Ligand code: SF4
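In this note's numbering, the protein residues as written are 42 to 489.
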């Protein structure tokens with residue numbers, strides 16, 4: 042059987058909808074069975090000496106990219122942003138008054154949306170307000186996601202003033218036909234100029250996000266994009282699979298008039314990008330990231346301490362992440378708590394002096410064990426099941442049988458190893474340990 046026949050067979054068997062496992066249980070299993078008092082207890086339970094991480098969601102963008110799966114809104118006036126900032130500051134106060142003093146912060150991450158939609162002074166105001174309730178020090182990393190089409194000198198100066206350590210630029214694809222289809226035209230020269238401006242101002246840790254599976258992409262276009270991206274020498278690249286979920290994001294329907302890669306083409310595009318990035322000396326990290334070998338993500342992978350959370354692969358070791366803003370998710374050892382999704386619910390809760398808690402899940406001791414197992418698999422492609430015997434169901438070996446037979450997984454005693462052939466199907470392997478997983482379309486994006 043030649044390689045392509047084998048890929049076809051594997052895709053037929055295993056390319057079904059599975060969670061991304063940025064959390065376990067995944068967000069699709071969140072329910073409304075989590076209350077204000079649960080959240081208060083979780084915040085109060087954080088030890089004052091343990092550092093936490095903070096996530097701030099800025100749900101605004103200048104234009105809508107048609108592939109977008111984020112909680113964001115395109116505005117034509119800044120006044121809703123001003124109202125949002127007032128609510129955000131109140132939420133920070135509410136949370137800050139519920140913790141045991143000023144907790145030290147490992148990582149402060151601004152995501153969205155486009156955090157650079159904010160006016161520079163508003164970004165500074167948010168950081169200053171956070172500093173009143175949390176200990177933001179020289180040890181704190183500040184990461185911010187940005188849209189390179191709208192990143193001006195004044196905002197870069199604000200980044201320097203607040204001490205931004207790392208910036209993630211949405212690049213996605215450099216091909217013009219792809220950019221037209223996705224409604225995100227940003228020529229290579231524009232991104233190149235943005236990277237130069239950041240480096241000229243001393244912001245040297247730069248990440249790029251690329252996407253595989255967008256309309257009009259071919260193996261040739263993604264190969265060109267990967268070469269161009271690498272030529273700008275970012276420290277890290279995330280190469281995400283496009284998640285086509287039009288039942289949740291209606292605007293994605295507009296992409297269906299363009300040719301879009303099927304599972305096999307996406308598989309081959311991933312291989313092509315992998316070859317290019319490795320030829321530029323990037324190391325593959327987990328299932329969908331690349332980093333220079335000097336980057337902390339590569340170092341963490343080498344040392345077996347890579348982590349995975351809602352932001353993807355990370356070196357952040359905080360046991361708790363507190364989220365602020367609509368739809369943001371807070372993560373604790375024993376629970377996930379998500380804020381209200383709609384602006385009206387968020388506003389009403391904050392104006393009533395309540396946490397804008399909407400849904401989440403409490404993790405039993407068994408869930409916590411499985412969460413560690415799945416994270417280990419997603420980060421290291423191997424796990425010793427001996428340490429997880431008390432958590433895994435007795436049927437896991439039946440579920441793994443076909444994966445072993447197809448050469449995707451090897452069992453060496455209780456040590457499970459995902460082979461190179463199996464790595465593209467890592468999420469499928471992880472799902473064998475997920476007791477809540479059911480094969481269902483329209484719940485998650487497909488494995489490839
Ligand atoms: S800039 Fe990012 S968050 Fe905003 S619409 Fe585009 S993909 Fe979505």
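C-beta: ideal position from N, C-alpha, C; glycine also.
All values reported here derive from a predicted model rather than from experimental measurement.
Helix, strand or coil for residue 61, going by three-state DSSP, please let me know. Translated into the one-based positions of the chain shown, residue 61 becomes position 20. If DSSP states are grouped into helix, strand and coil, residue 61 belongs with coil.
Are there any heavy atoms of the ligand SF4 lying less than 7 Å away from the beta-carbon of residue 368, as far as the coordinates show? Counting from 1 along the chain shown, the entry for residue 368 is found at position 327. Result no, Cβ not under 7 Å from the ligand SF4.
Whole angstroms is fine: what's the gap from residue 320's alpha carbon to residue 214's? The residue given as residue 320 occupies position 279 in the chain shown. The residue given as residue 214 occupies position 173 in the chain shown. For residue 320 and residue 214, the distance between alpha carbons rounds to 19 Å.
I need the DSSP call for residue 184, collapsed to helix, strand or coil. What you label residue 184 is simply residue 143 of the chain shown in a count that begins at 1. Strand, per DSSP.
With 16 other Cβ atoms within 10 Å as the buried cut-off, status of residue 352: Locating residue 352 in the chain shown gives position 311, counting from the first residue. When all chains shown are included, residue 352 counts as buried.
So, with DSSP's three-state summary, where would you put residue 97? On the chain shown, position 56 is the one that residue 97 refers to. Residue state, collapsed to three classes: strand.
Could you please go through the chain and list the residues whose beta-carbon is closer than 6 Å to any non-hydrogen atom of the ligand SF4? 102, 105, 106, 109, 111, 113, 153, 154, 155, 188 and 211
With a cut-off of 8 Å on the beta carbons, I'd call residue 94 and residue 359 a contact; round off their distance for me. Against the chain shown, residue 94 aligns to sequence position 53. Against the chain shown, residue 359 aligns to sequence position 318. Indeed, because the Cβ distance is near 4 Å, the residues count as touching under 8 Å.
Using C-beta distances below 8 Å, list every residue in its chain close to residue 337, excluding the 5 sequence neighbours before and after it, in chain order. Position 296 of the chain shown, counted from the first residue, corresponds to residue 337. Excluding residues within five positions, the ones whose Cβ falls inside 8 Å are 356.
Taking the alpha helix (DSSP H) that residue 384 belongs to, which residues open and close that run? As a first step, residue 384 is located in the chain shown; it is residue number 343 there, counting from the start. Its alpha helix (DSSP H) spans residues 384-392.
Looking only at C-alpha atoms, which of 412, 117 and 141 sits nearest to residue 158? Here residue 158 refers to the residue found at position 117 of the chain shown. When only C-alpha atoms are compared, the closest one is 117.
Any idea what DSSP makes of residue 152, helix, strand or coil? Your numbering for residue 152 matches position 111 in the chain shown. It is a strand residue.
With C-beta atoms as the reference, is residue 252 less than 8 Å away from residue 108? Walking along the chain shown from the start, residue 252 turns up at place 211. Walking along the chain shown from the start, residue 108 turns up at place 67. Yes, they are a contact pair.
Counting Cβ pairs, one atom from each stretch, are 3 or more of them under 8 Å apart for the region 138-157 and the region 119-127? no
Let's test the definition: count the other Cβ atoms within 10 Å of the Cβ of residue 300 and tell me whether it reaches 16, buried, or not, exposed. Counting from 1 along the chain shown, the entry for residue 300 is found at position 259. Residue 300 is exposed by the Cβ-count criterion.
Limits of the beta strand (DSSP E) - the one that residue 452 falls within: For this step, residue 452 is matched to residue 411 along the chain shown. 450-453 is the extent of the beta strand (DSSP E) around residue 452.
Based on the DSSP output, what are the partners of residue 380 in its beta bridges? On the chain shown, position 339 is the one that residue 380 refers to. In DSSP, residue 380 forms a bridge with 398.
Candidates 265, 394 and 363: closest to residue 98 by CA position: As a position in the chain shown, residue 98 is number 57, starting the count at 1. Taking only the C-alpha atoms, the option nearest residue 98 is 363.
Selection from 87, 212, 390 and 455 that minimises the alpha carbon distance to residue 106: As a first step, residue 106 is located in the chain shown; it is residue number 65 there, counting from the start. Of 87, 212, 390 and 455, the residue nearest in Cα terms is 212.
Who are residue 372's beta bridge partners in DSSP? Within the chain shown, residue 372 is the residue found at index 331, counting from 1. Residue 372 is bridged to 362 and 377.
Who pairs with residue 72 in a beta bridge, going by DSSP? Within the chain shown, residue 72 is the residue found at index 31, counting from 1. Paired residues: 401.
Which runs of the beta strand (DSSP E) at least 3 residues long sit entirely within the region 231-278? Give them in chain order. 246-253
Would you grab the beta carbon distance between residue 302 and residue 231 for me? Rounded to a whole angstrom, and I think it's under 8 Å. The sequence position of residue 302 within the chain shown is 261, counting from 1. The sequence position of residue 231 within the chain shown is 190, counting from 1. About 26 Å separates the two Cβ atoms, so there is no contact after all.
Cβ-based neighbour list, residue 443, same chain, cut-off 8 Å, excluding 5 preceding and 5 following: As a first step, residue 443 is located in the chain shown; it is residue number 402 there, counting from the start. Excluding residues within five positions, the ones whose Cβ falls inside 8 Å are 54.
Given 8 Å as the limit, is there contact between the region 334-348 and the region 282-290, that is, 3 or more CB pairs closer than that? no
Does residue 103 pass the burial test, meaning 16 or more other C-beta atoms within 10 Å, or should it be called exposed? As a first step, residue 103 must be located in the chain shown, where it is residue number 62. Flag for residue 103 reads exposed.
CB-CB length for residue 223 against residue 255, believed under 8 Å: As a position in the chain shown, residue 223 is number 182, starting the count at 1. As a position in the chain shown, residue 255 is number 214, starting the count at 1. The Cβ separation is near 6 Å, so the contact holds.
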